[in-house]
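Q: Numbering (the numbering used here), first residue to last: 5 to 142.
Glycine included, every Cβ here is placed at the ideal spot set by N, Cα and C.
Take this structure, written in structure tokens, and hold onto it; I'll ask about it next.
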């Protein structure tokens, strides 16, 4: 039996910030959290810059793909984290008492790899502790 909490990282396009958040949370909080991501209006593919930024840290990227919110709505979710203002404003109501927090990040889509790296590092510095705090994890 596992006590892992499921965290949904929600963004509008599900191509950059939420994908990096999913990978980083699954790495940094392995065993405590199972992170998934989805988008309110997902793009066709994960941004190459997001993949490159994750791979530079040695984080796995296999299996990352943009998902419609409807693909994850039936899963039991313990925490919803919106990482962009658009997703925060249009976040649907989830069944049950699902806790929600918003931790916004710059959208690096279409920018140089350096921007993706900055956002990746910002996600590590701010999202991981915010999720720990919201879920009461050590």
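Shortest alpha-carbon distance to residue 116 belongs to which of 88, 80, 20 and 78?
A: The shortest C-alpha separation from residue 116 is found at 20.
Q: If distances are taken between C-alpha atoms only, which option among 22, 129 and 105 comes closest to residue 55?
A: Taking only the C-alpha atoms, the option nearest residue 55 is 22.
Q: Looking at residue 67 and residue 88, is the spacing between their C-beta atoms short of 8 angstroms?
A: Their beta carbons are not under 8 angstroms apart, which means residue 88 does not touch residue 67 by this criterion.
Q: Under 8 angstroms: do the stretch 70 to 83 and the stretch 30 to 44 share three or more Cβ pairs, one atom per stretch?
A: Enough Cβ pairs lie closer than 8 angstroms, so yes.
Q: Residue 128 and residue 26: beta carbons closer than 8 angstroms?
A: Their beta carbons are not under 8 angstroms apart, which means residue 128 does not touch residue 26 by this criterion.
Q: How would you label residue 16, buried or exposed, when you count the other beta carbons within 10 angstroms and need 16 or more for buried?
A: Answer is buried; the Cβ neighbour count reaches 16.
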